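Read the structure below first, then the notes.
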Amino acid sequence: MSTTYRRPSGPNSTSVGTALLEMIRANNEEDVYLRDAGVVALARLAASGQRNEVFAPLQNSSTAVRMALLLAQRQLSASEIASFLNDPEPRLVADAVRAIHDTPLAAVALPQLAALTTRLSSFDDTTGRRVLNARFRLGRAEDAEALADVATSSDVSPILRREALALLSEWSKPSPVERVYWCVGPTGAAGGDTGHCGGPPRVLSKLMQSAPIEVAAVAVALAAQYKITEAVDTVSAVARDTAQSPANRAAAVRASTFLPDSRANSVARELLVHASPLLRAAGRDLLVARDSVAALDELSAVFRSGTLTEQQSAATTLRARVEPRAYNILNAQAGEVAQGKLPLALALDLHEALDHGTSLSGLNGERSRRQSQFSKQQEAWKATLQAGDPLRVYRMALEGGDVPRGRDLFYTKVEFQCVRCHRVGGSGTSDVGPDLTGIGGRQSREYLLRSIVDPGAEIAPGFVYTTLTLTDGSFISGVLHSESATDLRLVTTGAKPGETFSVPKLEIKSRVSASAMPPLVSRMTLHELRDLVEYLVVQSGTPKS
Numbered sequence: 012m013s014t015t016y017r018r019p020s021g022p023n024s025t026s027v028g029t030a031l032l033e034m035i036r037a038n039n040e041e042d043v044y045l046r047d048a049g050v051v052a053l054a055r056l057a058a059s060g061q062r063n064e065v066f067a068p069l070q071n072s073s074t075a076v077r078m079a080l081l082l083a084q085r086q087l088s089a090s091e092i093a094s095f096l097n098d099p100e101p102r103l104v105a106d107a108v109r110a111i112h113d114t115p116l117a118a119v120a121l122p123q124l125a126a127l128t129t130r131l132s133s134f135d136d137t138t139g140r141r142v143l144n145a146r147f148r149l150g151r152a153e154d155a156e157a158l159a160d161v162a163t164s165s166d167v168s169p170i171l172r173r174e175a176l177a178l179l180s181e182w183s184k185p186s187p188v189e190r191v192y193w194c195v196g197p198t199g200a201a202g203g204d205t206g207h208c209g210g211p212p213r214v215l216s217k218l219m220q221s222a223p224i225e226v227a228a229v230a231v232a233l234a235a236q237y238k239i240t241e242a243v244d245t246v247s248a249v250a251r252d253t254a255q256s257p258a259n260r261a262a263a264v265r266a267s268t269f270l271p272d273s274r275a276n277s278v279a280r281e282l283l284v285h286a287s288p289l290l291r292a293a294g295r296d297l298l299v300a301r302d303s304v305a306a307l308d309e310l311s312a313v314f315r316s317g318t319l320t321e322q323q324s325a326a327t328t329l330r331a332r333v334e335p336r337a338y339n340i341l342n343a344q345a346g347e348v349a350q351g352k353l354p355l356a357l358a359l360d361l362h363e364a365l366d367h368g369t370s371l372s373g374l375n376g377e378r379s380r381r382q383s384q385f386s387k388q389q390e391a392w393k394a395t396l397q398a399g400d401p402l403r404v405y406r407m408a409l410e411g412g413d414v415p416r417g418r419d420l421f422y423t424k425v426e427f428q429c430v431r432c433h434r435v436g437g438s439g440t441s442d443v444g445p446d447l448t449g450i451g452g453r454q455s456r457e458y459l460l461r462s463i464v465d466p467g468a469e470i471a472p473g474f475v476y477t478t479l480t481l482t483d484g485s486f487i488s489g490v491l492h493s494e495s496a497t498d499l500r501l502v503t504t505g506a507k508p509g510e511t512f513s514v515p516k517l518e519i520k521s522r523v524s525a526s527a528m529p530p531l532v533s534r535m536t537l538h539e540l541r542d543l544v545e546y547l548v549v550q551s552g553t554p555k556s
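Read in order, the letters of the sequence shown are residues 12 to 556 in the working numbering.
What follows is the structure, given as structure tokens:
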């Protein structure tokens with residue numbers, strides 16, 4: 012005998028909502044499939060006219076019930092979800108932040124999300140970036156002030172403080188690229204101008220004197236970008252202050268390039284003979300803006316006697332110059348690299364500087380000469396590489412990377428986040444990929460470069476992801492644990508990760524092995540690839556040659 016289900020109507024529909032919430036409470040998120048089924052049912056009940064019942068505030072409800080209500084409200088893009096921004100459970104707050112920021116809910120609940128900038132110290136960096144971006148999207152004068160306050164807060168992580176300043180630096184001309192998930196999306200401060208960005212002058216002095224290096228560096232760059240003349244004395248003081256770190260001073264020196272400071276010439280000359288390569292490089296950059304002839308002499312000499320840091324900085328400085336001599340210097344050094352007279356670590360910097368130098372405005376007849384020289388250098392570089400080398404396109408990224416930038420990419424860049432699969436020095440919680448602690452001492456630079464460019468070229472033992480097609484037409488996948496003459500043992504990675512099971516070889520029709528690591532090189536620039544390699548190299552002390 013079959014029974015036909017009839018949806019309760021009228022007063023009885025209340026019992027449906029009550030029953031659903033009781034089921035979700037009793038399940039307590041143990042069975043996520045049952046939880047999700049309850050969420051779908053709650054969303055449909057609310058959409059059918061029982062919105063008040065489903066979305067009524069339940070102060071004493073369990074975390075499981077509140078999570079289900081939050082997910083149901085997200086499905087319906089319900090503005091009531093903003094109430095969860097004050098939930099006592101951090102996990103629910105983070106989910107509410109994502110729901111508002113990443114969905115059409117932002118149109119109605121963005122102000123409530125932006126107000127959380129006063130609570131950033133209680134959020135992880137991923138959640139905090141969405142809160143900061145809410146301020147940027149709103150683009151009001153009060154939002155600029157709030158971002159400036161975040162940048163001065165010692166309770167907020169340096170990553171979020173730096174992000175707040177980065178958003179301020181885009182205030183007058185927002186990028187079309189969404190900063191949280193790096194695709195084209197909604198931006199903020201539309202139609203704004205530097206006039207409503209009143210926060211930076213107020214906080215520059217404090218930031219540059221006492222903030223972490225990475226925050227202070229962005230602060231002085233912000234002063235330069237907006238040409239905040241009120242900051243001249245502060246920037247000049249930091250540039251001359253021997254108690255400041257070389258990085259802070261170098262950032263202030265470069266900011267002076269864009270500010271009307273009569274003391275800049277003397278500062279530049281003093282720094283040309285400083286013990287710090289970082290400050291010597293900054294001094295040359297400042298000299299370029301004040302005395303280009305003398306600066307080009309200094310920059311040319313760097314390639315004969317300077318450190319790698321200075322040489323890379325010189326290449327970056329020269330790439331923006333329209334003087335024919337500047338391009339001649341770059342061209343000569345690229346030839347030296349191709350002949351092995353200068354380190355390979357300079358190849359990428361010089362290549363990109365030559366490429367960039369062909370597209371500058373104001374070149375006129377000089378442009379065709381530069382393009383011809385660049386083409387010849389490309390051919391000279393290709394001649395140094397083996398024709399069948401699978402790393403041919405990427406060899407410029409083998410040496411010369413920046414370790415701090417590589418560390419940031421490894422841990423924080425959304426497209427990479429290598430730490431989701433790997434451990435380094437005790438950091439990380441995943442065993443999906445090999446532990447990379449000390450990897451630079453066990454493997455060569457070339458191995459590390461190849462592992463990123465072509466993860467399947469040489470897979471670490473114990474991390475071979477294998478897919479089996481069985482004789483009955485079914486498929487089985489897992490990490491290869493061991494193999495005997497009669498069977499394969501795989502470790503599951505799906506619903507029950509970590510379980511080991513055996514598959515008789517007689518039942519296997521075919522097998523395909525690959526690395527579980529995605530081909531990330533398609534998502535990164537050569538500079539990012541070089542920085543990642545350098546970060547992995549130093550996970551050791553001394554890498555293999």
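The beta-carbon is built from N, C-alpha and C at its ideal position, and this holds for glycine as well.
It should be emphasised that the depicted structure is a prediction, and the values quoted were computed from it without experimental measurement.
* Asked: Opposite F512 in the DSSP bridges: which residues?
  -> L501
* Starting from F486, follow its DSSP beta bridges and name the residues at the other end. => T480
* R461 and L402: beta carbons closer than 8 Å? -> In terms of Cβ geometry, R461 and L402 form a close pair [threshold 8 Å].
* For R522, which residues does DSSP report across the bridge? -> Partner(s): L479.
* Please name the residue in A58, Q344 and G484 whose C-alpha comes closest to that of H362. => Q344
* Asked: Which residue from T497, S513 and V246 puts its Cα closest to that of K490?
  -> Looking at the sequence provided, one finds Val at residue 490 rather than Lys. It is S513.
* Expressed to the nearest angstrom, what Euclidean distance is found between the alpha-carbon atoms of D302 and T245? -> 23 Å
* Count the C-beta pairs between the segment 309-323 and the segment 368-379 that are closer than 8 Å, then say yes if the count reaches three, no if not. => no
* Classify S277 as helix, strand or coil using the three-state DSSP reduction. => helix
* Asked: By Cβ distance below 8 Å, which residues in the same chain neighbour S164 in space, the five residues on each side in sequence not counted?
  -> Closer than 8 Å at the Cβ level, and outside the excluded window around S164, lie L131, S132 and R172.
* Measuring alpha carbon to alpha carbon, tell me which of R77, G411 and E377 ends up nearest R46. => R77
* Using the Cα positions of A279 and R406, report the straight-line distance between them to the nearest angstrom. => 35 Å
* Asked: How would you call P415, buried or exposed, if buried means at least 16 neighbouring beta carbons within 10 angstroms?
  -> exposed
* To do: Decide if Y44 is buried, meaning its Cβ has at least 16 other Cβ atoms within 10 Å, or exposed.
  => exposed
* To do: With P335 as the anchor, note down where its alpha helix (DSSP H) starts and where it stops.
  => Segment P335 to A349, the alpha helix (DSSP H) holding P335.
* **I450, enclosing alpha helix (DSSP H) - first and last residue** => I450 to R453
* From E511 to Y422, what distance separates their C-alpha atoms? -> In the sequence under discussion, the amino acid at residue 511 is Thr, which differs from the Glu named in the question. The straight-line gap from Cα to Cα measures roughly 30 Å.
* **C-alpha distance - D136 paired with V167, whole-angstrom precision** => 9 Å
* To do: Mind checking which residues open and close the alpha helix (DSSP H) that includes R418?
  => Its alpha helix (DSSP H) spans residues V414 to T423.
* To do: Confirm, please, whether the CB-CB distance from P271 to V243 is below 8 Å.
  => yes
* Quickly, what does DSSP pair L127 with across the bridge? List them, please. => DSSP output for L127 lists no bridge partner at all.
* To do: Sort F486, R330 and L298 by Cα distance to S267 and report the nearest one.
  => L298
* To do: Give the secondary structure of L491 by DSSP, where H, G and I count as helix, E and B as strand, and everything else as coil.
  => strand
* Any idea what DSSP makes of V435, helix, strand or coil? -> Shown here, V435 sits in a strand according to DSSP, grouped into three states.
* **N- and C-terminal bounds of the alpha helix (DSSP H) containing G368** => A358 to G368
* E562 - containing alpha helix (DSSP H), residue span -> Past the boundaries of the shown model lies residue 562; the chain is included only from 12 to 556, so the question cannot be answered.
* First and last residue of the uninterrupted alpha helix (DSSP H) at H538 -> L537 to V548
* To do: Please report how far the alpha carbon of F486 lies from the alpha carbon of V523, in whole angstroms.
  => The C-alpha of F486 lies about 11 Å from the C-alpha of V523.
* To do: Measure the C-alpha to C-alpha separation of I463 and E457 and round it to an integer number of angstroms.
  => Cα to Cα, I463 sits roughly 10 Å from E457.
* Going by the beta-carbon positions, is the gap between L359 and Q322 smaller than 8 Å? -> no
* Output the distance between the C-alpha atoms of G417 and A326, rounded to the nearest integer angstrom. => 20 Å
* Asked: Counting along the chain, where does the alpha helix (DSSP H) carrying N259 start and finish?
  -> P257 to S267
* Have a look at A162, A305 and A391 and flag the residue whose alpha-carbon is nearest the alpha-carbon of T129. => A162
* Where N342 falls, given that 16 or more other Cβ within 10 Å makes a residue buried -> buried
* At which residues does the alpha helix (DSSP H) containing K393 begin and terminate? -> Counted as a single uninterrupted DSSP element, the alpha helix (DSSP H) harbouring K393 occupies residues E377 to K393.
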